[in-house]
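Here the sequence shown stands for residues 20 to 114, where the numbers follow my numbering.
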Amino acid sequence: MSTAKQVPSSPIVVNTWPFINATRNAFAKMMTSGATCLDAVEVGCRTCEDEQCDGSVGWGNHPAEDGETTLDALIIDGRTMSVGAVAKYIDFFLE
């Protein structure tokens, strides 16, 4: 007889950093009908970009060694291996 406690399965979101709004928004997305894990990751990352989490994420973050601020991003769907990326994008500030 097993003593393991059975817990109902439900989505969870794990975040390396204590960016609470990003984690909450990602979880809220996961609770949306038809949402995928990739959708949740995108929403969490976008939240940090908008809020400039920790001053190191999103527009206006830490400049590179040459003093220039660039945008780098990559997202991969692990099931399909579809990839979207941008690297060293410079003119991303909207006026």
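Ideal placement from N, C-alpha and C gives every residue a C-beta, glycine not left out.
State yes or no: is the C-beta of Ile-109 within less than 8 angstroms of the C-beta of Glu-87? yes
Taking the alpha carbon of Cys-67 as the point to measure from, which residue in Thr-51, Gly-77, Thr-99 has its own alpha carbon closest? Gly-77
Between which two residues does the alpha helix (DSSP H) carrying Ile-39 extend? 39-49
Spatial neighbours of Glu-61 within its chain, please: C-beta separation below 7 angstroms, excluding the five flanking residues on both sides. Ile-94
Reducing DSSP to helix, strand and coil, say where Gly-86 ends up. coil
Using three-state DSSP, classify Gly-53 as helix, strand or coil. coil
Roughly how far, in whole angstroms, is the beta-carbon of Asn-44 from the beta-carbon of Gly-63, given that I think they are within contact range, below 8 angstroms? 6 angstroms
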